[in-house]
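Some notes on the structure that comes next.
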Amino acid sequence: MTILLIWVIAFALILYFTYARWDKGISQGLDKVLPGVLKSHGENRLMWSVVLAILGATTLVRPVDILLVVLLLAIIGIIAVKLATWLSGKFTH
21 MTILLIWVIA FALILYFTYA RWDKGISQGL DKVLPGVLKS HGENRLMWSV
71 VLAILGATTL VRPVDILLVV LLLAIIGIIA VKLATWLSGK FTH
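My numbering puts the first residue of the sequence shown at 21, with every later residue one more than the last.
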């Protein structure tokens, strides 16, 4: 129950601060990282604030789980890129 309470408090604080400071730098920072299709453009302020709050609160409460998911996604991404490179080389010859 304590972990849930800490997560809810962290979620609420992160949501509040990301939503309140959206125009003061969070939107620009997010736009630098995201591809063009996912850029915030101001209309997705609430959605991106909620997403950042969920990720931030989960990272604070369960950092090992987040680290393992990031490592797993990185391994899957590397395998996908290598496979795509291999397949594109195989079909071009």
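Glycine is no exception: its CB is placed at the ideal position from the N, C-alpha and C atoms.
A quick note: this is a predicted structure, and the numbers were derived from the prediction, not measured.
Distance, alanine 100 Cα to glycine 45 Cα: Distance from the CA of glycine 45 to the CA of alanine 100, rounded to the nearest whole angstrom, comes to 33 angstroms.
Leucine 35 burial status per 10 Å Cβ neighbour count (16 or more: buried): Buried, by the Cβ-count rule.
Distance CB(alanine 30)-CB(alanine 94) smaller than 7 angstroms: Contact flag unset, no.
Among Thr79, Val81 and Tyr39, the one whose alpha carbon lies nearest that of glutamate 63: Checked all of Thr79, Val81 and Tyr39; the closest Cα to glutamate 63 is Tyr39.
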